[in-house]
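Numbering (the numbering used here), first residue to last: 1 to 290.
Cβ atoms here follow ideal geometry from the backbone N, Cα and C, with glycine treated the same way.
Working notes for the structure below.
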Amino acid sequence: MSMIKLGIQTNPLKMLKLQEVIEWAARHDVETLEIPAWPDSKHCKVDQVLSGHRDEITGPCKKHGIEVTSLVYCTNHLAPDTRESSNSHMKKVIEAASQLDVSIVACFIGGTGSDLFTEMGLFEEYFLPLVDFAGEHDVRLAVENCPQGGKNIGMSPYYWREIFEAAEHSPYLGLEFDPSHLVWLHIDYKKALQEFCQSKKVLTIHAKDTRINDAILIERGILGKGWWEYKIPGSGMIDWNDIFKILNTNGYTGSMNIEHEDAAYRGNAVKIKEGFQSGLQVLRDIRNGM
């Protein structure tokens, strides 16, 4: 059987206390959590963790046998107006991850919409020091490949090669691989996963699906709106069976956490939980069948 661990990103359930999320997760065989750590996040308040209150997170997780595999702080680390405050908070998140014995912080790099030469210069000046800081704390930064309207240079295989080369292939910089973005960007997600899983740059997986409405697409074009939407795994176009095959073939034993952005399962905690359960069952059936 595949050794990949299945879980959820807790942000959609931010109306609940983290302990409530953990208790629900334990009842539904959730194995891992990714916990948001923005300045206003309720599930991981980094200042409290750093002031000696780590047990508020580690205690319930240990009690219920659930592993926190990553903290997440996705923001634009290259934007001139906010990069100083963003990077200051990122250092706190890295320190909090270290205190919590969490080895991964998921993030964006960010960007300004400029040419590659300019963006890479900003990456080297403002983001690479964060990679070094993470390394000092034995924490790895996992770049999520969300395009953010063209303002995240970590959005595609072409840019991944550039940033890993600039970072001299540091073991403290890798990917939070999310196939859902690649689908609507018309990038071969299987080929990308194979390449970067083989090179051991895939640190964690976001399980999120995508559905494309061809009838809308041919009328509005790729710059129009409404022709694609994010879905719970199993409700979109992604071949999760092949995803697992690629991961297993390359010896991946990390986590796969559902990032829930499916409008069909929104509105309240009950519906959100239904979405999580639906996606987890799809992924669990595939994993356990291998």
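Where residue i sits in the DSSP three-state scheme
i, result
"residue 172", "coil"
"residue 2", "coil"
"residue 38", "coil"
"residue 73", "strand"
"residue 289", "coil"
"residue 255", "strand"
"residue 245", "helix"
"residue 137", "coil"
"residue 30", "coil"
"residue 227", "coil"
"residue 107", "strand"
"residue 203", "strand"
"residue 143", "strand"
"residue 65", "coil"
"residue 101", "coil"
"residue 214", "helix"
Contact set for residue i: own chain, Cβ-Cβ below 6 angstroms, skip 5 residues either direction
i, result
"residue 3", "253"
"residue 282", "233 and 234"
"residue 170", "131"
Buried versus exposed, by CB contacts within 10 Å (16 or more), residue i
i, result
"residue 290", "exposed"
"residue 210", "buried"
"residue 352", "The requested residue 352 is not part of the displayed model; the chain covers only 1 to 290."
"residue 88", "exposed"
"residue 198", "exposed"
"residue 59", "exposed"
"residue 82", "exposed"
"residue 80", "exposed"
"residue 45", "buried"
"residue 259", "buried"
"residue 130", "buried"
"residue 165", "exposed"
"residue 257", "buried"
Same chain, Cβ closer than 8 angstroms to residue i, five either side skipped, listed in chain order
i, result
"residue 26", "64, 65 and 66"
"residue 139", "94, 97, 98, 102, 103, 104, 105 and 172"
"residue 286", "240, 241 and 244"
"residue 264", "231, 232, 235 and 275"
"residue 112", "78, 79, 80, 118, 119, 122 and 151"
Straight-line Cα distance separating residue j from residue i
i, j, result
"residue 202", "residue 69", "14 angstroms"
"residue 39", "residue 161", "31 angstroms"
"residue 330", "residue 43", "As displayed, the chain neither begins before 1 nor continues past 290, which places residue 330 out of reach and without an answer."
"residue 279", "residue 136", "36 angstroms"
"residue 49", "residue 57", "9 angstroms"
"residue 316", "residue 184", "Residue coverage of the chain in this structure runs from 1 to 290, which leaves residue 316 outside it and unanswerable."
"residue 226", "residue 212", "9 angstroms"
"residue 221", "residue 237", "19 angstroms"
"residue 110", "residue 86", "11 angstroms"
"residue 9", "residue 62", "18 angstroms"
"residue 115", "residue 31", "41 angstroms"
"residue 284", "residue 255", "12 angstroms"
"residue 288", "residue 224", "40 angstroms"
"residue 76", "residue 200", "25 angstroms"
"residue 124", "residue 163", "9 angstroms"
Within-8 angstroms CB hit, residue i to chain D
i, result
"residue 284", "The structure shown contains no chain D; it holds only a single protein chain."
Own chain partners of residue i with C-beta closer than 7 angstroms, once the 5 adjacent residues on each side are dropped
i, result
"residue 194", "246"
"residue 176", "106, 142, 143, 144, 203, 204 and 206"
"residue 262", "230, 231, 232, 235 and 275"
"residue 147", "155, 181 and 185"
"residue 158", "none"
Inset, instruction - Say whether the segment 214-226 touches the segment 271-285, bearing in mind that this needs 3 or more beta-carbon pairs closer than 8 angstroms, one atom from each stretch. - result: no
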